[in-house]
Structure formats: C-alpha cells, structure tokens
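One structure below.
Number of protein chains: 2
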Amino acid sequence: MSWEQAWLKYQAVKGYLDEAYFKEVYTLEEGKIIENALAELRLATNKMFGAAIERVNHLPTKGIHLSLVSKECLAKEGFQLEEKNGLIAIMANTQIGLLYGVYELLRRVACKNKMALLSLTRVPDKELRMLNHWDNIDGSIERGYSGDSFFFENKQIVVNERTRDYARLLASVGINATVINNVNVKQEATEFITNTYFESLKKLVELFDSYGIKLFLSLNYAACMELGGLKSADPLDETVIAWWHERMKLVYQELPTLGGFLVKADSEGRPGPFTYGRNQADGANMLAKAIAPYNGIIIWRCFVYNCQQDWRDRTIDRARAAYDYFYELDGAFLDNVILQIKNGPLDFQVREPFMPLFGKLKKTNHIMEVQIAQEYTGQQIDLCYLIPWFKELLDSRTYCGEENDTIKDLLKGKCCNHFGRGIAAVANTGNSENWTGNDLAAANFYGFGRLAWDSELTSEEIAKEWICQTFPDEEEVLDTVSRLLLMSWNTYEKYTAPLGIGFMVTPHYHYGPNIDGYEYSRWGTYHRADHFGIGVDRTKKGTGYASLYYPPLSQMYENVDTCPDELLLFFHHVSYNHILQNKNTVIQHIYDTHFEGVKDVERMIQMWKGLEHKLPSKEFHRVEACFHKQLDNAKEWCDQINSYFYRKSAINDKRGRKIY
Amino acid sequence: MSWEQAWLKYQAVKGYLDEAYFKEVYTLEEGKIIENALAELRLATNKMFGAAIERVNHLPTKGIHLSLVSKECLAKEGFQLEEKNGLIAIMANTQIGLLYGVYELLRRVACKNKMALLSLTRVPDKELRMLNHWDNIDGSIERGYSGDSFFFENKQIVVNERTRDYARLLASVGINATVINNVNVKQEATEFITNTYFESLKKLVELFDSYGIKLFLSLNYAACMELGGLKSADPLDETVIAWWHERMKLVYQELPTLGGFLVKADSEGRPGPFTYGRNQADGANMLAKAIAPYNGIIIWRCFVYNCQQDWRDRTIDRARAAYDYFYELDGAFLDNVILQIKNGPLDFQVREPFMPLFGKLKKTNHIMEVQIAQEYTGQQIDLCYLIPWFKELLDSRTYCGEENDTIKDLLKGKCCNHFGRGIAAVANTGNSENWTGNDLAAANFYGFGRLAWDSELTSEEIAKEWICQTFPDEEEVLDTVSRLLLMSWNTYEKYTAPLGIGFMVTPHYHYGPNIDGYEYSRWGTYHRADHFGIGVDRTKKGTGYASLYYPPLSQMYENVDTCPDELLLFFHHVSYNHILQNKNTVIQHIYDTHFEGVKDVERMIQMWKGLEHKLPSKEFHRVEACFHKQLDNAKEWCDQINSYFYRKSAINDKRGRKIY
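Printed below as a string of structure tokens:
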C-alpha cells in the first residue's frame, strides 16, 4: 500500500527569498542520526527548491552548519538556531538535538519565516513524549480509525520504508518514545520477549534509535504463565521473580537500547497482581527490579477499575477507582516505574475534569495519557481538533500547594518534587494512505507532538504550523482550515453528551449516540436520567469524588452553584429546570446546543466547500466525505438526544423546534 | 465430538408387559427405507428390552408385520397400526409410511402404552413439514445456540453417523424436508449448485431419501452474477433466464431428487428482483420455471422489508411490509412456488398477532415459518416451550369467509382453495452433545415435528410424549417437567417486552434487555415510549395495519377497548394509566408481571432442584446451569424494564417494591 508524507511533504516554496541558505551544509559529525538529519535536509530542499543541499567539507560562506556544543541549557535534546552573516548554525549537545534543529529549520522554511538574524533556543519541556499504539499482532488496531497496522502483518513485525517515514514524522515533532503494540497483549504479541521476534525488533530498535525514539513494548503481565508455564504470576513468588529476571536478561542482551515496557494490569479482563492479593506497586516493582540493571523503565497504567459493576449500585464510582487504588501507594513504586494516568477519571470523553491524582502523587513518577485516536470524539470521521482541550488540561491548576501548580508544571517536573515525567498519547495512525483517515485528524498527531515538546505553544500556532506544511500556501486556506480546527472540539461537544455527563455512545463501537447504551451496563458509566432530572451525584452526599481534589477545586465542584456548567452533570444530579451559570435551564441548554451543533457542522461544510479550488482534489474530497458523514452523525445525535430528553422530561423546547 | 440420542435414546422399559410383541418382525418389502425401519426396530428393542428383534421370513404368531397396502385414506405418508391376536400390523401405502408407523409404535412402547387391541390411523395433516437451518459453510450458525454446525466443517459438507442420527430424529417426528444452509447465502455456499459440492450433496440426498426427507438448499439469488459472471440478475433478462435453466439442468442431473430451493431475496441486504425494478413474483417465477421440468420447488420467503428505516418517520410500518409486497401478487406465482410467511409481522417475538397474509392469499401456495431457534425467546438458555404459542397461532381464526378458517385449516390445505401447504421452523440444533444446548429446548424440536404432523395434538400431550422418551420413567419427573414446560412461555413473556410491544433486546445479539436498543435505529421496531405513554398506533389514525385483517379481527384490533391486552401496545399507543381488560393500569401491569416473572423463574429452579436425584446427573446439572443464567436474565429484564418505565413515567409501583 502506498502512503503520503503528511506534514513532511515539503511543498515547493514559491517566491521564498531565503533559498540561498539551503545550498550547502557542513558538519564534522558522523553517524546514523546525522545521516538522517542530512538526508532530511536533502529531501526537503530538493522538494522545496528543486535542488538538494550538498554536504561540503568546509564551512560555507552561506549555508548551514551543524555542530555539537556543550551548553547546559540545551540539555539532552535541545538545540539552538542562529543566523549570522549568511550562516545558519544549528547547535546542540547531542546529535538528536541537531536532528530536532533541522526539523525546526525546515518547518520555518515551510512557513516562510525569514532566516536573517534567526536566533532561537528550543528545549523540550517534558522528558518523555510518547505514543501508545494499540496495534495487534494480527494487523488489526483496537480503536483504529485509519486502516490496519503498519507495524504488524501476518503476525510479523514489519520494518520498511514506511516505518522510516513514521520515525521521521515522530522526530519532526519531537516525540521520543513509542509503544508499538496494544496494551491488551494477546496472542503471539506475548512472545515479543522471546527469540521469535528479537530479530525484527532489533531492526526496529536500530531504526528508531537513529531518530531518537525509544522503543517500548506492551507487556503481558501473565507471560510467566503463558510462556513460562508457571502456575502463578504472583509478584512476590520467587519463581515468578526469577523467571522475569532471566527473561529480561535475555531481552536486554538482544535489545540493549529497548526503553522498557508498558503494562495494563488488572483492568478490563487483563491479568495482574490483584489476582494474588497483591497491590499495583507489588506488580510494577517486581518487573521494575528485573529491568533496572539495563536502565529499563516500567510504565504502569492507572486505568484500573471494576468493569463488572452493578448499575443498580450507586455507591461505587468508577471515577474514583484510579485515585483509590494509587493514591495510597504514593512512594511505594521504584525509581524506574512511571505511572501512566489518563487525563480524566472516566475514559477520554470530550469533556472530563482532570484526574485528581495529578498534584496528589508527590513521590511517584508519572505521566499523563491522552488519546488522539478519536475513540469517543468522532473516530476521525468527525473533525475534532483536540489541542485546545489538551491545552485546557495542561493549564489546569491542581492547587497542590506549590508555586507552579498546573498540570503542565507537573508534567515538566517543575512541581511535586519533580516526579512528573511527561505525556503519552494513544496514537491515531494506521496504514491508510494519509496515515490518519481524515486528513484533518493529522493535526492532532502533529499537535500532540508539538505540545508534548512545548506546553506554551498555542492551539492557533500549532494549527498554523501544521496547515502551512500540509496545504498549499494561501491565506484563505490557512484562515479557513484554522477556523475549522479551532471550532471543532466545541462543536463536537455541543452535539454529543451534554454538560460533562459523557458516554451515551453506541456500546462497543463508541461512535454515534445511544443514550441508554451504557446506562444499565456493567461499565460504571451512567447518566441516571429520569423524568425529573439527570446527572451523577459525586458530592459528599453521593460518591464523594469531588472531595478528592485540593481546595478550592473540591469546594467549587462540590457546590452546584459554582460547579462549571460544562462539568455540571458529571458532579451533580440536577432537575431539568436547574438554571445554569449561563442563565439557561439544563433542558433548554440541551436542546439549544444540540440544534447549534448541527448548524455548526453545516457551516463547517460550507467553509470547506469554499476551498474546493484551492486544495488538491484528492485531499479536498477525502475530507469532504468525512464532513458529510459528520453531518449525519451530528443530526442523529441531535435528534436522539433531544427526543430522548423530551420524551423523558415532557418539557417542550421553548423555541418550538422539531423534536421527535 | 460425541453426541447423545435426544428422544431416541430408547431407555430400558422396566416391567413392561407387552415385550413379547417385539421378538419377531416380518415384511416382504425391501429397500433402504425398510432397512432403516428394521434397523430402528432392532436398535430400539435391543436398548429397551436387551434383545434385538429378529426379522423372520414368515408371518409370526406374535410379532410385527410391516406391509404395503392400498388405502386412499392413508395418502402418501400415513399409516395404520392394528393389533390382532398377538400380531401388530403396520400398514401404509408407501415404505415411508411404514417407517413412520415404526416410530409411532416405538414411541408408544417408550410411553408404556398397551399393545392389545391397538388400532389407530395416522396421516400427517400438512404436506410440507420442514426445518430451515441457518448454518454457514464456515461451520458457524446464524442464531445458533447449541454449538457449531454439524452439516459443515472447514467449508465442506459433512455426511457421517451424526447426519444419520439427525435424519432419524426428523423421521421419528415426521419432518419430511430440510434446508441445511443459511438463507443468507454467502461465501462458498453459493457454490452448492456447482460441481464443487455435488459429490457430497449426493451422499446427503441419498441418506435423507432413505428417511423420507427432501433436501432443499438456500439459494443465492445473485449466483448468476457471482458464479456466472453475468452483469445482472434481472429475472426478465434472457441471459439470466438462460443461465439459470442451464444451471438447474446440471444440478438436477446430479441430484434428481433434490426438493428445490429456499430464497431470501431483497431482504436485509440480500440481492433480489427489486434491484431491477421487478417484483417478487418475477424473481420467484424465473427460478421456478428453470426447475419445473425436474419437479423442483422454489420456496420464496416473504420476510421482505425496508431495513434502512428512519426512526423519526412514523408513517412507515415494517409490520405492513410483507402484506404490502405480497398481497397484491396473489395469483401471480407459478404452481411450483411456495411463499414462506413468518408467523407474525415482525420477527419471531414472544408475542405477535399472526401475519395478515394468512387467509388473504387465495391463489398462491404458502407455508408458515416459525422459529424454534430461540433467537428472541431466551436463546436456549431460558426455558421457553413454544408449542403452546404455536398452538395459539394454528388455532387462530382468519375469518377468511370459509367454514374452516383457522390457520391450521389453511396450512392443511382445507381452506383458501387448498393453497396452504404446511409449516417450516428455523431449527434449534447444533453440534453440541445434546443437540439443543439446553436439554429442555429439545422439546421444541420434538414438538414442532409432532405439531407439524398433527395440529390437533395438545401441548400437554406433546410434552408428555417427549418427557417419556427423554427422561427416566417416574411420575414426579413427568409431572414436574411437564409443568415447567407448560409455564415457561408465559413466564418468559412476563419478564420481557410487555403487552405485545416486542423487541427491547440487546441489538444484534437479541439476548437480554436493552429497552431503547432498537428505538432510534433503522430496523423499524419501535416502542415510542415517552413520559405519557407507550405503544405503536397501528389503527387507521396510525399506520393502518389493523385494517389488513378480515373483520371482526380488524375491528377488534382497531378498538383500544377490545384489543386483547397481550397485543395492546402492538396496536395502540396508550397512556401508562390506561386500564387494561384485566383491570390493571398499563404501568402497574408492567411492574407486576416483571416482578412475577422473576418469581416464576425462582419457582422453576426450585421445581427443577426437586428432581436432582431422579435424573441423570449430567442432564440435571446442564439444565440447572441454564436455569441459573435464566434467573440472572429475568432479574436484569425486570430491573431494567421497571427502572426504565419508572424513570420515564414517574409513576410509583403501588406495591412499593424496589425499582432502581
């Protein structure tokens, strides 16, 4: 299957005045990373200017100079770009810093920035910037909306030119780690830690290393039973411990630069330490000890909850689960364990409060997990540019009592005793020709990487960068696509589950509405709507979840009058006639926003149509087809939500619009 | 995989006084059918009495005599049993009649009937008594609840000893036709009409013929395109017509006794004549002409409806579809076409009115289709003995203006100009060791056959016959199992969708409750519940469906005060406070019946437990496990239905029971 180049297409830059800088490049460095940097420069200049840059063996009078320096401020991955008298110097402490510098430079060309007097320093503000792929060994992708896996085919690991292009895309935005297989490790994927797969994994590691990307693998916690034939996976059992030590020794003999492992344990049917009456730290530490000698890391997911809940029982709250399991274990994890915490307490909804563990874990390494695979946010059919949502999360104050108390401070390691370690995203790629199904969904892939590198970039800046590199250079294109991206999250929120209540999606598939789809189920995600009202009481009178936050957040959420509208139904069960802070009643807000959401999508289609003759036909029509499906979806959501609540509440829409 | 013998286990008959009749058998007849009859006698006598009957070459003084006679009253398949002076004479016009006589005789032994002065004549009252298997060539079964297919394995047709036992089960209850493959003909099953499968089909036909069973196959209407490479399947296209004539000639050269074909066209994504602007008669007749030279029959399903309906549109009514498509075509079908009409207008719900085509088709061959695969009636986990339901259907008067106007008269060919031809059931078998998953579900398999043969048998009689042959001979076993069977349909109806509204099941799977599961879907099966009431208006003010019946049924259904309670919500949208004929309100009836349904199941479990030491342990525990699952299911239905309607109506249960 052929594939495109996403934002690395290096479109011809017409009328660019600074082309002359890109004739010659000079460096003393050698090695695979430098080769990749130079190859990228050649490819880009050839495509942008019609002539590839030449590596010269002397410092040119006009050109580019890559050099290693020793500047503490640049740390391991940062770089400096300086233009002076015709020469652009790219400086870094490491070769990977130089590669990042090259990508920054090329991005600036694509966006037609001037080179004269260029002077900037860029250092990633988070240590771990990671993707999690949920690709299965059989080639399918769990929650994949863009074709099948390009990592796996016929139960084999594929390493080819597309894998290289994948690595280039990651490096170009600064992503420095990736997990290629599904956290639900099944079938032959359990055998990645055996001889069967070492050969192909070696090739992959070698390739990724040359782009500064650490390979991680998802691990089957029960591998000691499934592969080793042990009768137990008890983390305190000596035979279990011995098996893992031996196994990890073998793994690291073969793959010495492997980053480590991601583990989903005791969750949604996966095995884990709970089976043996042990806690999550027992499980994580046992594995961590086994790989500590090799500088390996265990990334342990906090998405642990009871998925056999009784819908009748209002005392159990899935939202509390991660907090309840992990807060009490703060400090119990080894240094080479990193907890991976979902952004919110449920599961990647269009709106959730942030997970209250953030700011509470003061002695445990952790990263935040977001999802750019649009499982609940339109599945890469509906446009939903998630960067503004991630920005809100990053900018959220935790009130943990330190000066820098936002989540982004935390993930940068600037508060909570430096235990924040970075950010991971569930990836949205597949083997479709444009990588992400909907072309516009690539903005989330790109944007996640950029935001992972630099929390201070704005959603608008990121959108613009991506558009410049992706679409023809026209003011109207830049403007329209940017507006489409920036309105899309809000639009999606309008026509789906209202006021923070979440879910209401088709069970299993998670696309399209099914208001009661999870209401009488075992999954712990309820809306509790009846004739009088709707919402989950998470105050002290309910599940007590609101109290898990630091004040003043705990008070703000606890109080129905101060709880933000967009999270009202997440925290409170209220009557349909409850007056929101926006002065509307809950029911009228539901009607209004749903009708608005459909109108928004209609407007988006009109906006997109205006670009028909300014965009390549293939891309234009691919996206247009998505928009039409999105409109159907929005209408279905609107009509089902409105009918559902009208039929239940018997309260008329005060504007008398059509409800079924 | 090993398998059991269902009701042909021929348990030892202790203390039976008439054993002496079963020492010798005499007949002049030869041939495969007679061989099978004699083999059955040998097997049965050996198992029941410990000594196999012997075939003797003279008329014995005490024993059995099989002989062909020529009596108009016995028709093709009937038989006579006469005991006189120690000799039991089995007489029939055909060998298959003799085989049926043998099975009747053995059934009477299993039930310990006396032989002295035995004198009876049995003639099947319906011509076609058929099973439809929805088995796929890959071995799976659509709506199969008892393992995989025993007809297909690895894309091959299997003919082995189990196939023979299957044929014996059919013949023992008088089933004389079967369709072995799914009406949704996909993959290699399309190739059954090619050389690829002729060899194995020949073996199957030969086996079935020797038990009086006509083999039919489901046909892919688009085979002329998929196999023949034609560009169209237009039934009026000369190349299409020619292709089918040629193809059928080949088929019947190889399989001269093949019964014919079953066709699902223009339904749920299947191809059909509508694609070419033709009607259903055009499609059926084209195929019928092609097989008429070989006495082949086309059975054409009437389950044709729009499965892309908009839930917002209340003018379309799926219940009308079969009537609207086929009523106007009455008389347009060739003589060797038989329409197969589902018992009700929706889809095998626990309660539906009968399909109004019955009694309206006066110039078209037709049979009724019922479903013993318990797709919507508990999936062979929940006990649901369907014979009482089928009896109600058969006994229903159509008011077609003739003296004998019930559906059973119709299917017997006794009214509507003899165009009624019989009955078919979607089968409930699979390759599990006991054939039907839940042992008690075999009562539906057995019962369908018996009822197909004789509409006048009562549900109780059939139950008793089946129990005698299946379980140890103990009064308490007979009594308890009989009571369990007879209460089960009513119990299932109590805890599932109320008052004839239907569906409310988990989409796709069709097991367990999902009240809104089909409410906002494209399938045309809605309940229209809102705060005020529930039900579908099928009166003249609504979809007009009620008027499709003859008076007085049309008036009875049209009028909310005369419409039977159990079908009220099928025909009328009423308020929750509407008073039923049983004096209860609709909402209180919903609450009451659902709590009752759970109590019934609890009672059933107690009843079953009382048999623990009277039944073989394996069977006891297999059924017990089903009952426990049924109780979970009943509780889930009860709580979800009651919570749903309480939350929507805000009307309290007047008995104050727990609703969530």
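In order, the protein sequence lines correspond to chains A and P. Quick note, the first sequence lines up with residues 1 to 660 if you use the UniProt record's numbering. Quick note, the second sequence lines up with residues 1 to 660 if you use the UniProt record's numbering. Backbone N, C-alpha and C fix where the C-beta goes; we use that ideal spot for every residue, glycine too.
Exercise for the section: Can you check DSSP and say which residues form a bridge with P/TYR26? Expected result: The residue you call residue 26 of chain P lines up with position 26 of the second sequence. Bridge partners of P/TYR26: P/VAL56 and P/HIS65.
Exercise for the section: Flag this pair as touching only if the stretch 487 to 502 of chain P and the stretch 466 to 474 of chain P have three or more C-beta atom pairs under 8 Å; answer yes or no. Expected result: no
Problem - In DSSP terms, what P/ASP135 is bridged to - result: Taking the first residue of the second sequence as 1, we reach residue 135 of chain P at position 135. Answer is P/ILE141.
Problem - Of the listed residues P/LEU41, P/PRO345, P/ASN46 and P/ILE193, nearest to P/TYR103 (C-alpha basis) - result: Translated into positions along the second sequence, residue 103 of chain P becomes position 103. Closest option to P/TYR103, Cα to Cα, is P/LEU41.
Handout entry: For A/VAL304, the three-state DSSP class (helix, strand or coil)
Key = Residue 304 of chain A sits at position 304 when you count from the first residue of the first sequence. When DSSP states are grouped into helix, strand and coil, A/VAL304 belongs to the coil group.
Practice task
Count the C-beta pairs between the stretch 18 to 28 of chain P and the stretch 54 to 69 of chain P that are closer than 8 Å, then say yes if the count reaches three, no if not.
Solution key: Flag = yes, the stretch 18 to 28 of chain P and the stretch 54 to 69 of chain P touch.
Practice task
Kindly list the residues whose CB is nearer than 7 Å to the CB of P/SER554, restricted to its own chain and excluding five residues on each side of it in sequence; keep chain order.
Solution key: Reading the second sequence from its first residue, position 554 is the one you call residue 554 of chain P. Here the set comprises ALA546 and SER547.
Handout entry: Buried or exposed by the 16-neighbour rule on C-beta atoms within 10 Å, applied to A/GLN95
Key = In the first sequence, the residue the question calls residue 95 of chain A occupies position 95. Label assigned to A/GLN95: buried.
Practice task
Using a Cβ cut-off of 7 Å (strictly closer), state whether A/ALA634 contacts chain P.
Solution key: Taking the first residue of the first sequence as position 1, residue 634 of chain A is located at position 634. Output row for A/ALA634: interface = no.
Problem - Which residues DSSP lists as bridging P/SER267, in chain order - result: On the second sequence, residue 267 of chain P is found 267 positions in, with the first residue counted as 1. DSSP lists no partner for P/SER267.
Problem - Contacts that P/ILE515 makes with chain A (C-beta to C-beta distance below 9 Å) - result: Translated into the one-based positions of the second sequence, residue 515 of chain P becomes position 515. Here the neighbours are ASP516 and TYR520.
Handout entry: the stretch 5 to 20 of chain P contacting the stretch 106 to 117 of chain P, beta-carbon criterion three pairs below 8 Å
Key = yes
Practice task
Could you spell out where the beta strand (DSSP E) holding P/VAL179 opens and where it closes?
Solution key: Start at 1 with the first residue of the second sequence, and residue 179 of chain P comes out as number 179. Per DSSP, the continuous beta strand (DSSP E) segment holding P/VAL179 begins and ends at 177 to 179.
Exercise for the section: Flag P/GLN640 as yes if its beta-carbon sits less than 7 Å from any beta-carbon of chain A, otherwise no. Expected result: The count along the second sequence starts at 1 and reaches residue 640 of chain P at position 640. The C-beta of P/GLN640 comes closer than 7 Å to at least one C-beta of chain A.
Handout entry: Where the alpha helix (DSSP H) containing P/LEU38 begins and where it ends
Key = By 1-based counting over the second sequence, the position of residue 38 of chain P is 38. Element bounds for P/LEU38: 32 to 49.
Problem - Within chain P, the residues that A/HIS578 reaches when beta carbons sit closer than 8 Å - result: Here residue 578 of chain A is taken as the residue at index 578 of the first sequence, counted from 1. Within 8 Å of the CB of A/HIS578, no CB atom of chain P is found; the nearest one sits about 17 Å away.
Exercise for the section: Could you check what DSSP says for P/ASN420 in three-state terms: helix, strand or coil? Expected result: For this step, residue 420 of chain P is matched to residue 420 along the second sequence. Per the sequence presented here, residue 420 of chain P reads as Gly, with Asn not at that position. In this structure, P/GLY420 counts as strand in the three-state DSSP scheme.
Exercise for the section: Use the C-beta contact count for residue 672 of chain P: other C-beta atoms within 10 angstroms, 16 or more gives buried, fewer gives exposed. Expected result: Residue numbering for chain P in the displayed model covers 1 to 660; residue 672 of chain P lies beyond these limits and cannot be assessed.
Exercise for the section: Give the secondary structure of P/GLY369 by DSSP, where H, G and I count as helix, E and B as strand, and everything else as coil. Expected result: The residue you call residue 369 of chain P lines up with position 369 of the second sequence. Sequence check: residue 369 of chain P is Glu here, not Gly. Shown here, P/GLU369 sits in a strand according to DSSP, grouped into three states.
Practice task
Just the C-alpha distance for P/ASN136 and A/VAL477, rounded to the nearest angstrom, thanks.
Solution key: In the second sequence, counting from the first residue as 1, residue 136 of chain P sits at position 136. In the first sequence, counting from the first residue as 1, residue 477 of chain A sits at position 477. Linking P/ASN136 to A/VAL477 through their CA atoms gives a straight-line distance of about 52 Å.
Practice task
Return the Cβ separation of P/PHE570 and P/GLY500 in integer angstroms, given the expectation that the two are a contact with Cβ distance under 8 Å.
Solution key: Walking along the second sequence from the start, residue 570 of chain P turns up at place 570. Walking along the second sequence from the start, residue 500 of chain P turns up at place 500. Right, the Cβ-Cβ distance comes to about 4 Å (below 8 Å), so this counts as a contact.
Exercise for the section: Output, in chain order, the set of chain A residues within a Cβ distance shorter than 8 Å of P/TYR660. Expected result: Residue 660 of chain P sits at position 660 when you count from the first residue of the second sequence. Per Cβ cutoff of 8 Å: TRP311 and ARG312.
Exercise for the section: With A/MET556 as the anchor, note down where its alpha helix (DSSP H) starts and where it stops. Expected result: For this step, residue 556 of chain A is matched to residue 556 along the first sequence. Start and end: 553 to 558.
Problem - Distance, A/THR377 Cα to P/ARG312 Cα - result: What you label residue 312 of chain P is simply residue 312 of the second sequence in a count that begins at 1. What you label residue 377 of chain A is simply residue 377 of the first sequence in a count that begins at 1. Each residue's alpha carbon lies about 25 Å from the other.
Practice task
Determine whether the Cβ of P/LYS648 lies closer than 7 Å to any Cβ atom of chain A.
Solution key: Against the second sequence, residue 648 of chain P aligns to sequence position 648. Chain A, which has a Cβ nearer than 7 Å to the Cβ of P/LYS648, makes this yes.
Problem - Alpha carbon of A/LEU81 to alpha carbon of A/ILE90, nearest angstrom - result: Within the first sequence, residue 81 of chain A is the residue found at index 81, counting from 1. Within the first sequence, residue 90 of chain A is the residue found at index 90, counting from 1. Cα-Cα distance, rounded: 5 Å.
Problem - P/SER488 in three-state terms, based on DSSP - result: Counting from one through the second sequence, the residue named residue 488 of chain P turns up at place 488. In this structure, P/SER488 counts as helix in the three-state DSSP scheme.
Exercise for the section: Specify the secondary structure class of A/ALA441 as computed by DSSP and reduced to three states. Expected result: Taking the first residue of the first sequence as 1, we reach residue 441 of chain A at position 441. Three-state result, A/ALA441: helix.
Handout entry: Environment of A/TYR509 [buried if 16+ CB atoms lie within 10 Å]
Key = Translated into the one-based positions of the first sequence, residue 509 of chain A becomes position 509. By the 10 Å Cβ count, A/TYR509 comes out exposed.
Exercise for the section: Would you mind telling me which residues of chain A sit closer than 8 Å to P/HIS531, beta carbon to beta carbon, in chain order? Expected result: By one-based count along the second sequence, residue 531 of chain P stands at place 531. Against chain A, a Cβ distance below 8 Å from P/HIS531 picks out HIS531, ARG647, LYS648, SER649 and ALA650.
Handout entry: Proximal residues to A/ALA319 (C-beta, below 7 Å), its chain only, five neighbours per side dropped
Key = Here residue 319 of chain A is taken as the residue at index 319 of the first sequence, counted from 1. Excluding sequence neighbours, A/ALA319 sits near PRO345, LEU346, ARG538 and TYR545.
Problem - Nonlocal neighbours in the same chain, by C-beta distance under 6 Å from A/LEU394, ignoring five residues either side - result: What you label residue 394 of chain A is simply residue 394 of the first sequence in a count that begins at 1. ILE407, LYS408 and SER455, listed in sequence order.
Practice task
For A/LYS362, I'd like the list of residues in its chain whose CB is within less than 7 Å of its CB, leaving aside the five on either flank, ordered along the chain.
Solution key: Here residue 362 of chain A refers to the residue found at position 362 when the first sequence is read from its first residue. Excluding residues within five positions, the ones whose Cβ falls inside 7 Å are ASP330, CYS416, ASN417 and PHE419.
Handout entry: Inter-residue Cα distance where the pair is A/ASP165 and A/ASP565
Key = The residue labelled residue 165 of chain A in the question sits at position 165 within the first sequence. The residue labelled residue 565 of chain A in the question sits at position 565 within the first sequence. A/ASP165 and A/ASP565: Cα-Cα distance of roughly 43 Å.
Handout entry: Top-ranked residue by Cα proximity to P/TRP3, from P/GLN349, P/SER432 and P/VAL205
Key = Numbered from 1 along the second sequence, position 3 holds the residue referred to as residue 3 of chain P. Nearest option by C-alpha distance: P/SER432.
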